[in-house]
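Here is the structure we will look at.
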Amino acid sequence: MLISTTLAQALNTQIGNEFGASLQYYAIGAHFHRIHLAQLAKLFFKQADEEREHAQKLLHYVVETGGELRLPAVKEPVHTFASAEEALQAALNWEVEVTRQIKRLMDLAASESDYLAQNFLQWFVDEQLEEVTKMTRLLGVVRMAGERNLLSVEAYLVHGG
9 MLISTTLAQA
19 LNTQIGNEFG
29 ASLQYYAIGA
39 HFHRIHLAQL
49 AKLFFKQADE
59 EREHAQKLLH
69 YVVETGGELR
79 LPAVKEPVHT
89 FASAEEALQA
99 ALNWEVEVTR
109 QIKRLMDLAA
119 SESDYLAQNF
129 LQWFVDEQLE
139 EVTKMTRLLG
149 VVRMAGERNL
159 LSVEAYLVHG
169 G
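If you're matching positions, the sequence shown starts at 9 in my numbering and goes up one per residue.
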């Protein structure tokens with residue numbers, strides 16, 4: 009076995025967190041779809057798919073290294089938001105929390121001198137920088153536009169924002 013029981017358990021927890029993020033982003037996407045903000049909906053549906061892929065990547069790592077896969081229950085996501093800003097703030101908060109979770113996994117791998125896991129987890133470290141930056145930027149754009157001008161956010165996203 010190429011993975012400790014402790015690290016396998018921690019990765020199983022993270023798999024649940026990533027599936028939870030996926031569900032939360034589907035819920036945010038559906039919220040934006042309901043209020044006719046197609047580009048924001050599309051962005052969050054894509055984010056949801058990416059989070060699911062992250063869970064699958066972790067899942068395959070646990071299995072391939074001989075760890076025991078134990079998928080945790082995932083809590084129901086928040087479905088309603090008072091504003092676009094609230095939805096974006098929730099997404100940013102989630103990404104900041106996932107960044108902390110990945111850091112803890114990296115710390116655990118380092119404490120076990122598990123260089124395979126550290127190498128594997130580095131991709132997630134890099135990904136989190138991208139995700140936090142993306143959500144921070146988008147939240148800033150929504151704040152600048154204001155709730156009454158969300159169509160300008162839609163235009164921003166159409167043009168590659």
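Note that the Cβ used here is the ideal one computed from N, Cα and C, for glycine as well.
Coarse secondary structure for I23, derived from DSSP in three states
helix
Using the C-alpha atoms, what's the distance from M9 back to E103?
Approximately 31 Å, taken between the alpha carbons.
Check for me: the alpha helix (DSSP H) holding A92 runs from which residue to which?
Its alpha helix (DSSP H) spans residues A92 to S119.
Only counting the same chain, and skipping five residues up and downstream in sequence, which positions put a Cβ closer than 8 Å to that of M140?
The sequence shown places Val at residue 140, not Met. Here the set comprises L100, E103, V104 and T107.
Just the Cα atoms here: how many angstroms apart are E58 and G168?
Separation of E58 and G168 (C-alpha to C-alpha, rounded to the nearest whole angstrom) is 18 Å.
For V82, which residues of its own chain have a beta-carbon under 7 Å away from its beta-carbon, when the five flanking residues on both sides are left out?
G24, F27, G28 and L31
Is G168 helix, strand or coil when you go by DSSP?
coil
Between which two residues does the alpha helix (DSSP H) containing L52 stretch?
The amino acid occupying residue 52 in the given sequence is Phe; Leu does not appear at that position. Run containing F52: A46 to E72, per the alpha helix (DSSP H) assignment.
Stretch-stretch touch, CB-based, cutoff 8 Å, three pairs: the region 150–159 with the region 88–98:
yes
Please determine, among L45, G37, L19 and H87, the residue with the shortest C-alpha to C-alpha distance to E155.
L45
Could you spell out the range, first to last residue, of the alpha helix (DSSP H) harbouring G148?
Y123 to A153
Taking 8 Å as the threshold (C-beta atoms), are N127 and V70 in contact?
no
Put A163 into one of helix, strand or coil per three-state DSSP.
The three-state secondary structure of A163, taken from DSSP, is helix.
Buried/exposed call for I43, threshold 16 Cβ in 10 Å:
exposed
Check A5 in the structure and name its three-state DSSP category.
Outside the modelled stretch of the chain, which goes from 9 to 169, sits residue 5, for which no answer is possible.
Whole-Å CB distance - I11 paired with T73, under 8 Å assumed:
That pair is a contact at about 4 Å.
State yes or no: is the C-beta of L124 within less than 8 Å of the C-beta of M114?
no
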